[in-house]
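One structure is given below, encoded as structure tokens.
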Amino acid sequence: MIQFFHVTKTYGRDLEALADINFRIQKGEFVFIAGPSGAGKTTLLRLIFRDELPTSGQILVNGRNVVRMPERAIPQLRRSIGVIFQDFKLLRDRSIAENLGLVYRVLGIPSAVGKRKVANLLRLVGLSHKVQLTPYKLSGGEQQRVAIARALMNDPLLLLADEPTGDLDADLAVEVMRLLSEINARGTTVVVATHDMGVVREMGRRTFVLKTGRVVEEIPEDSTTRWRPSPRPTVEDAII
Amino acid sequence: MDRLRYILEDALVNLRRSRWRALAAIGTIAVSFLIVGIFLIITRNLGALLSEWKEQFQITVFLEDGIPTEQLALLKKRIQSESAVKAMTYTSKEEALQNFRRELKGKESLLEGLGENPLPASFQIRVHESSQTPEDLGKLSAFLSRLEGVEDVMYGQEWVDRLAAAVRILRLLGLSVGLALSLASVLIVSNTIRLAVYARADEIEIMRLVGATKMHIRAPFLLEGMIQGGLGAGLALLLLYGAYRATMWQLQQAPGPMLGMEVGSFLDTHWIAAMLLAGAVVGAFGSLISVGRFLRA
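Line by line, the protein sequences give chains A and B.
This note's numbering numbers the first residue of the first sequence as 1 and each following residue consecutively.
This note's numbering numbers the first residue of the second sequence as 1001 and each following residue consecutively.
Written as structure tokens, this is what we have:
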């Protein structure tokens, strides 16, 4: 699904965010990019959905080289990827329904279908009762769940999550990971960037550990500790 | 179809959200187009007046008294043979006096002291429009003056020339002012849309990140600019029409025709359509400048 070949990203003359990154993520995998703040995790994710271009190297996403991709093809690439941003990127003056509605408007989905999808996804993330509230009136965990729901609006082949448990307490972090695992169980490739090694260990998924822009360790999947989704695959309810 | 509906909805929602800014832009565009419209109406009516005057333009050839009939016939033939002459009429001394009496209606007593008829016989010559240039008229006048039996030649071309020059200057001025104001309108719309773009910067970023094309992002702003421009031009046309009706009413209250014109005319349908279209184009252009800059950044 994703392949990095000798990818380097430098800002300015000498600020090296990523250095000679090489890895391969298979379709349907759940992978962590772990490391401390400033390790280059966000940059790596941004390279995948072509929000950034590498200084050198090639990146394949779903068989397409995103580095050589013409600008006009970028929207199509992004429509196949769901992104959960670290800062959520929710519109503060719009309701939850309007925040999610923005996606179906961009995709040109008929409003009746789009509204049904919004309702199903909000049910999935447990926020059906807050559909008309603005993000101001939601807790950090609830905003995170809205961001997850929005990332799923386009039925993505690939879901990228940047610090999805960043500001959450342990219980909520587990809840978000449960949700992401369920999404992955449905067939969506999931890549999660996190600084929380506790979550990484608990989940037992394949992990690339980044430090100052380099992959310093690759932790293979641990089937004995691998966290499995609960037997209630609520994601299926959200499939239109 | 859904995409188009979303774009239209977004444009209208944007306008509603920034209604005061939009109203300011519409008002400014309206003032610009109002000034352009005033120039258009004035030059158009002066142009019509000029054409009318040109149509009615004639050279009067005053004849010496006591010309024999044969010489008069010969003179008439010589004048008619000139290519610049479109038509001519003859006014005898008696007819000239009768005309004068008619013009002095109510004051005929002024003529009582006159002994014999002092007014000369004359030819009124209509000249082809193509020959109504100062050079051609000068040549024709010189030719007529040299003819035997001609006492004097008179024509009011100087006035027509002055009016034509005034209309030319007004048109040029209108065009320059129009261009300057259109440019100002483009900048005003551009600034209004830029503020709207900045106000929606987060939304645009999210749209971009979830796969919106540049056109999809631009379209609502483009439409917003076109609506502002079109409404501004429409408002200007309404104000112009109101001012036109008020002026016409005033003119109709005044005794007698004004400058030979019974009533002035408003803009034609195609000029109205052109102004509305120009408003929309100005708005779209201003909008494209702002969004283009933002998307490149």
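Every residue, glycine too, gets a C-beta built ideally from N, C-alpha and C.
Buried versus exposed call for residue i [16 or more other C-beta atoms within 10 Å across all chains shown]
i: B/W1020; result: exposed
i: B/N1014; result: buried
i: B/D1010; result: buried
i: B/L1238; result: exposed
i: B/H1216; result: buried
i: A/T189; result: buried
i: B/A1180; result: exposed
i: A/P70; result: exposed
i: B/P1134; result: exposed
i: A/L127; result: buried
i: A/N99; result: buried
i: A/N154; result: buried
Residue interval of the alpha helix (DSSP H) (run including residue i)
i: B/Y1155; result: No alpha helix (DSSP H) holds B/Y1155; DSSP gives it neither H nor E.
i: B/M1215; result: K1214 to Q1253
i: A/R186; result: From DSSP, A/R186 is part of no alpha helix (DSSP H); its letter is neither H nor E.
i: B/Q1071; result: T1069 to Q1080
i: B/D1202; result: A1201 to L1209
i: A/T106; result: Checking the sequence, you will find Val at residue 106 of chain A rather than Thr. Element bounds for A/V106: I96 to L107.
i: A/V199; result: M197 to M203
Under the three-state DSSP convention, the category residue i falls into
i: A/N22; result: strand
i: B/H1270; result: helix
i: B/T1301; result: Because chain B here runs from 1001 to 1297, residue 1301 of chain B falls outside it and cannot be looked at.
i: B/G1115; result: coil
i: A/E16; result: strand
i: B/K1139; result: helix
i: A/A39; result: coil
i: B/R1017; result: helix
i: B/G1260; result: Because B/G1260 carries a pLDDT of 49, less than 50, the predicted location of this residue cannot be relied on, and the following value inherits that uncertainty. Here B/G1260 sits in coil by DSSP.
i: A/F85; result: coil
i: A/P231; result: In this prediction, A/P231 has a pLDDT of 48, which is less than 50 and means its spatial position is unreliable; what the coordinates show is noted afterwards. Correct three-state label for A/P231: coil.
i: B/A1297; result: Only weak support is given to the placement of B/A1297: the predicted model assigns it a pLDDT of 41, under 50, and the value that follows is read from those uncertain coordinates. The answer is coil: DSSP assigns B/A1297 none of H, G, I, E or B.
i: A/V209; result: strand
i: B/I1289; result: helix
i: A/A119; result: helix
i: B/D1161; result: helix
i: A/K9; result: strand
i: B/V1127; result: strand
i: A/D155; result: coil
i: A/Q144; result: helix
i: A/S80; result: coil
i: A/S139; result: coil
i: A/L90; result: coil
i: B/A1011; result: helix
i: A/R64; result: strand
Start and end residues, beta strand (DSSP E) containing residue i
i: A/E217; result: R214 to I219
i: B/K1086; result: V1085 to T1091
i: A/Q58; result: S56 to V61
i: A/V31; result: F30 to A34
i: B/F1299; result: The structure shown does not extend to residue 1299 of chain B, since chain B is modelled only from 1001 through 1297, so no value can be given for it.
9 Å Cβ cut-off: residues of chain B touching residue i
i: A/P110; result: M1001 and D1002
i: A/V83; result: L1209 and V1210
i: A/L53; result: Those do not exist, as A/L53 stays about 15 Å from chain B at its closest Cβ, beyond 9 Å.
Own chain, CB closer than 6 Å to residue i, minus 5 neighbours either side, in chain order
i: B/G1260; result: Note that B/G1260 has pLDDT 49, beneath the 50 cutoff, so the model's placement of it is unreliable and the number below is only indicative. Counting only Cβ-Cβ distances below 6 Å, and skipping sequence neighbours, we find nothing.
i: A/F88; result: Q143 and A147
i: B/Q1071; result: G1149
i: B/T1028; result: I1188
i: A/T207; result: F32, A34, V200 and I219
i: B/L1097; result: N1117 and L1119
Within chain B, the residues that residue i reaches when beta carbons sit closer than 7 Å
i: A/R105; result: Y1006
i: A/P75; result: G1211, A1212 and T1213
Cβ neighbours of residue i in the same chain (closer than 7 Å, five flanking residues each side left out)
i: A/R46; result: E52
i: A/N22; result: F4, F5 and H6
i: B/Y1244; result: I1041 and F1266
i: A/V83; result: F49, A151 and L160
i: A/D167; result: G140
i: B/E1129; result: K1054
Within chain B, the residues that residue i reaches when beta carbons sit closer than 8 Å
i: A/K89; result: D1202, E1205, I1206 and L1209
i: A/L45; result: Within 8 Å Cβ-Cβ: nothing; A/L45 doesn't reach chain B, min ~11 Å.
i: A/R79; result: V1210 and G1211
i: A/L102; result: E1203, I1206, M1207 and V1210
i: A/N154; result: V1210 and G1211
Same chain, Cβ closer than 8 Å to residue i, five either side skipped, listed in chain order
i: A/P233; result: Note on A/P233: pLDDT 43, under 50, position unreliable in the model; the coordinate value appears next. Cβ within range, chain order: E182, A185 and R186.
i: B/I1067; result: L1075, A1121 and G1149
i: B/L1291; result: One point to set straight first is that residue 1291 of chain B is Val, not Leu, in the sequence displayed. These residues qualify, in order along the chain: I1193, V1197, I1217, R1218, F1221 and L1222.
i: A/V215; result: I21, N22, F23, F208 and V209
i: B/R1003; result: H1216
i: B/N1099; result: T1091
Chain-ordered chain A contacts of residue i [CB-CB under 7 Å]
i: B/H1216; result: V106
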